[in-house]
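**Student:** Here it is, the structure in full.
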Amino acid sequence: MEYAFRNIERKWQENWKASNAYKVSNESTKPKFYVLDMFPYPSGAGLHVGHPLGYIASDVFSRYKRLKGFNVLHPMGYDSFGLPAEQYAIEHGIPPAVSTDQNIATFRSQLDKIGFCYDWEREVRTSDQEYYKWTQWIFLQLFDSWMDRKLQKARRISELMANFEVEGNAANPCPGEKNLFFTAAAWLAFSDKRKAEILMQYRLAFCGIGEVNWCEALGTVLANDEVINGVSERGGHPVVKKKLRQWYLRITEYAERLLAGLQTVDFSESMKDMQSNWIGKSFGAEIDFELDLVDAPAEGKKLKVYTTRPDTIFGIDFMVIAPEHELVASITAAEQSTDVSSYIDYVNSRSERERMAEKKITGVFSGTYCKHPFVDRKIPVWISEYVLAGYGTGAIMAVPCGDERDFKFANHFNIPITNIIGSFYDGTEANPTKEAKLENSGFLNGLLMSDAIAVALDKLEGLGIGKRHTNYKMRDAAFSRQRYWGEPFPIVWKDDVAIPLSSAELPIVLPPMTDLRPGPDAQGPLANLPEWAAYEGGTREVNTMPGYAGSSWYFLRYMDPNNTDAFCSREASDYWGQVDLYIGGTEHAVGHLLYSRMWTKALFDLGYIGFDEPFKRLVNQGKIGGDSRLVYRIRGTKQFVSAGLKDQHETDELHVDVSMVDGLDLDMEAFRKWKPDFAEATFITEDGVYKCGSRLEKMSKRYFNVVNPDDIVERYGADTFRMYEMFLGPVEQDKPWDTKGIEGVHRFMKKLWRLFFDVEKGAVLTDATASDAAWKAFYKMVKKVEEDTARFSFNTAVSSFMIGVNDLTDLHCHSKDLLAKFLVVLAPYAPHIAEELWAVMGQSGSVLDASYPAVEEKYLLETSKEYPVAINGKTRTTLNLDINASQADVEALVLVDPIVMKWLEGKPPKKIIYVKNKMINVVLG
RNA sequence: GCCUCGGUGGUGGAAUUGGUAGACACGCAGGACUUAAAAUCCUGUUCGCCGAAAAAGCGAGUGCGGGUUCGAUUCCCGCCCGAGGCACCA
């Protein structure tokens, strides 16, 4: 009987489906375990062999946990809102809802073939009304919340209003408009509209004016990655910054908690680093400098700068403010006004891309000076684009001897440089050290810079001219898109005031549209439906939410997917709690992962869930690269030359479909039939074989190197495919796909099969118990597989299976008692064959719910060990010793060993090192 | 420039705590079975030296150069290369 994997896999997939084998209940006495995959965006291209890597890893782990007695939640769904479907609709006239459904059907059939243990009754689709109803609902909660900075906790807007009525906003400074202060009396006197404006400045989901990439030719707003070098990726049209009303999430209010929370989760160092770099926390001071105005109109104003190095305050040679700084106009001296306005024009003419691409040193003197607080020195104020308006205060104090950018600027404009660090500064480049002793620094003289920071801060605070201040690089997250295929906002505009709709009205259904042209005035396509937008004397918000809205909370919906009264019941989220294991790619490091962490914290603050970090552990699977095949056409001909001979000709390199190549050998007939262009191709071969070139690159349609998992499953079976993906290398590592290598795993499956069946004789199972040697080989394998699975070292677990099967084959082990246990250990990796053989053996129930065999240590006990014997650290021989041998026993035996004696040449050894259970090392004199 | 992770045979990779470097596979070479093929099985396979060959032996060897140690792929110092992320953030 042969290993008929196609029949076996089809049979069990149908069987498991019919018996609801993967249904997960929220009621269980077992401990819970939640394993989550990053759900896919259902693109039109379908899955290639790289995509399921993480899914297989999580599937193996889920099944392993189930066998170990856990109630395992392992769901799957689709992140089905997004740009590509909308683009596809514009180009092909197929509505996003339709193409998305088609794509999901394709994904589902591909996933099903691999035999995952998903509970499909819990599937979520972010574009489903029943799902996005709750996305809209959570948006309303964010809209109705503000961050109480003292409590570091989101609270309801009503509580904020109550507070304003009693004490104004003194205790709760405005995060949106930093200079806004009012008393309780003032608050009560404000108009309703003014009150709404002020509250908007506090809300966690808020509307403001922001810059977007506007492309006039396409009539649309583009995302940053759709803009390449200042022009649109599609069509190459110019893109300008345009100010538009936009929705935002006030994620900056969570900066501190997002940073602190990283210490409580098990993410890779690089992942944590990426997030903390993105948050970009820095400590420093805001310092006010008095302006010494010549004839400019900024009477009484001060220049506020942000610095992380207040210790260098005596090294200030000039100030720089951003061209967008609010003081630019008012501090410009009359004689400089022409220069300043032409500089501002120049800056405005440059796109952000240009500014980033060519970092020229540019700037202009404003004509105004500042007073130094401690020395009698006039400090010129310059305007330059190297200072960013959006960070800190948009103004800096420049210390050229300690800062590279300031140094270059000073050099370029011939500004004299003050040295405050003595020999640490050599006049040719800035030195950003903190280790120097300060000179020329008044009250800081003689102090180590790192110590002087606190001294300077105390002094500045004492004088009331400076304040300790923490800054973050992170910006609030833009939350609206001028697009169709996303969640509509549950917001209506009346008299420029945003009014939230009541949750009873949810979902706000996305109206069907076929023509997805952008609306007027840079609005989304929904603006073209005035009858939809009209709402009781107001107008609906016509922009939609971004792709990350739905994915910021989907892991909660899986816990309670059919709840019509809540996004997820508190009982369900209390039961399942945090995601214990989250597997996905690194591309979501700062987007999805930060947003979902923020949403979780907000829902926690508002009391809807009981945990404030969503993912306890994150594993990032690597990417599987494609192994491309190349052919070489002799320029200007239809003749192709084999790779080994290509250097003798002038050739052009072309990608050829990997399915027409066996190893490196091209199927020349298939190639001629591939494209009409190649019908008359002729070949210069090497001994009749055309050898292709190869290159590792991204798996992509355009390189013809995409391998479809369907084909692999058809040829080798799902179990082989699963095991091979795991065998390829560490999950977290990038690695190339090599279809040839799968043969080895497939051979292993067949070899395993032969422990149960002989081709001619049929079943070869015996009732006799296995030999001690077989048990030993088996438990050695179980121990290793279990350890490796638990630490996500799936590749070494697969090789342990191979070693185990090789050993059991050599030992002719066909014992039922042993092999039944074997199947349980194998089931997470290769569930179909395990279930089939389990049934064949007449075991009761399903192998999915068997219990994981405990390692019987008695079979693993050793009485002796083959010790390596090294001479001066280099292994020269081995010696079989009793496991309890003493140092004296060992020395006696080692000294009479012929090989050791040869090396000793009659002289006594200097030392004999014996490490029990490890090795022996003889050190020569 | 800064941060993180990597660099081991022809290839993917293993070596979990400083203890036999190259497990397990792929590929390749040779062989058995077969009319033949497939399938299966067996043997060999880091490089170099010695040798007719085999066995045995010797030398080198985990990106490079140093160091610590009886012993280093593993720890320390200094470089080189690759991947990813950030990037005028004061």
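Numbering (the numbering used here), first residue to last: 11 to 935. Even for Gly, the Cβ is constructed at its ideal location relative to N, Cα and C. Quantities reported herein were computed from a predicted structural model and do not represent experimental measurements.
Any idea what DSSP makes of residue 137, helix, strand or coil?
**Tutor:** coil
**Student:** How big is the Cα-Cα spacing for residue 595 and residue 799?
**Tutor:** 20 Å
**Student:** Out of 335, 868, 41, which has the shortest C-alpha to C-alpha gap to residue 400?
**Tutor:** 335
**Student:** Provide the residue span of the alpha helix (DSSP H) that contains residue 931, from first to last.
**Tutor:** Taken as a continuous stretch (DSSP letters only), residue 931 belongs to no alpha helix (DSSP H), being part of the beta strand (DSSP E) at 929-933.
**Student:** Buried or exposed, going by whether 16 or more other CB atoms sit within 10 Å of the CB of residue 893?
**Tutor:** Looking at its Cβ environment, which holds fewer than 16 other Cβ atoms inside 10 Å, residue 893 is exposed.
**Student:** Residues in the same chain with beta-carbon distance under 6 Å from residue 552, minus the five sequence neighbours each way, listed in chain order, please.
**Tutor:** 533, 534, 536, 537, 543
**Student:** Nearest to residue 774 by CA position, among 68, 822, 815, is which residue?
**Tutor:** 822
**Student:** What does DSSP give as the partner residue(s) for residue 7 in the beta ladder?
**Tutor:** Residue 7 lies beyond the residue range present for the chain, which begins at 11 and ends at 935; the question has no answer from this structure.
**Student:** Pull up the distance between the alpha-carbon of residue 607 and that of residue 520, whole angstroms please.
**Tutor:** 27 Å
**Student:** Where residue 256 and residue 224 are concerned, what is the direct C-alpha to C-alpha distance, given to the nearest angstrom?
**Tutor:** Each residue's alpha carbon lies about 13 Å from the other.
**Student:** Excluding five sequence neighbours on each side, which residues of the same chain lie with their C-beta closer than 7 Å to the C-beta of residue 579?
**Tutor:** 570, 573
**Student:** Determine, using beta carbons only, whether residue 463 and residue 321 come nearer to each other than 8 Å.
**Tutor:** yes
**Student:** Residue 659 and residue 666: beta carbons closer than 8 Å?
**Tutor:** no
**Student:** Judging by CA-CA distance, which residue of 663, 631, 627, 198 is the nearest neighbour of residue 644?
**Tutor:** 663
**Student:** Hey, is the stretch 779-794 in contact with the stretch 828-838, meaning 3+ C-beta pairs nearer than 8 Å?
**Tutor:** yes
**Student:** Answer yes if the stretch 283-293 comes into contact with the stretch 585-601, meaning at least three C-beta pairs across the two stretches below 8 Å, and no otherwise.
**Tutor:** yes
**Student:** Would you list the residues sitting across from residue 465 in a DSSP beta bridge?
**Tutor:** Bridge partners of residue 465: none, in fact.
**Student:** When you compare each of 134, 230, 588, 752 to residue 274 by their alpha carbons, which one comes out closest?
**Tutor:** 588
**Student:** According to DSSP, simplified to helix, strand and coil, what is residue 5?
**Tutor:** Outside the displayed span of the chain (11 to 935) sits residue 5, for which this structure offers no information.
**Student:** Taking residue 109 as part of the alpha helix (DSSP H), name the residues at either end of that continuous run.
**Tutor:** 106-124
**Student:** Is the CB-CB distance between residue 147 and residue 513 below 8 Å?
**Tutor:** yes
**Student:** Please check the pair residue 627 and residue 276, which I expect to be a contact at CB under 8 Å, by giving their CB distance rounded to whole angstroms.
**Tutor:** 4 Å
**Student:** Quick test of your reading: residue 18 and residue 843, contact by CB under 8 Å. State the CB separation rounded to the nearest angstrom.
**Tutor:** 6 Å
**Student:** Taking Cβ positions, are residue 625 and residue 70 nearer each other than 8 Å?
**Tutor:** No Cβ-Cβ contact shorter than 8 Å links residue 625 with residue 70.
**Student:** Which partner residues does residue 723 have in the DSSP bridge list?
**Tutor:** Residue 723 is not bridged to any residue.
**Student:** Taking 8 Å as the threshold (C-beta atoms), are residue 318 and residue 292 in contact?
**Tutor:** yes
**Student:** Please name the residue, chosen from 99, 14, 638, that lies closest to residue 522 on a Cα-to-Cα basis.
**Tutor:** 99
**Student:** Based on Cα-Cα distance, which residue from 333, 202, 453 lies nearest to residue 372?
**Tutor:** 333
**Student:** Are the beta-carbon atoms of residue 83 and residue 586 separated by less than 8 Å?
**Tutor:** Pairing residue 83 with residue 586 gives a Cβ-Cβ distance under 8 Å.
**Student:** For residue 810 and residue 631, I'd like the C-alpha separation in whole angstroms.
**Tutor:** 21 Å
**Student:** Is residue 848 close to the ligand SAM? I mean its beta-carbon at under 7 Å from any heavy atom of the ligand.
**Tutor:** Although the ligand SAM was asked about, the structure shown includes no ligands whatsoever.
**Student:** Have a look at residue 64 and residue 687 and give me their C-alpha separation to the nearest angstrom.
**Tutor:** 39 Å
**Student:** Can you tell me whether residue 562 is buried or exposed, with buried defined as 16 or more other CB within 10 angstroms of its CB?
**Tutor:** buried
**Student:** May I have the straight-line CA-CA distance separating residue 752 from residue 122, to the nearest angstrom?
**Tutor:** Cα to Cα, residue 752 sits roughly 20 Å from residue 122.
**Student:** Distance, Cα to Cα, residue 681 vs residue 689?
**Tutor:** 8 Å
**Student:** Suppose the cutoff is 7 Å on Cβ atoms and the five residues either side in sequence are ignored; what does the same chain contact list for residue 708 look like?
**Tutor:** 635, 636
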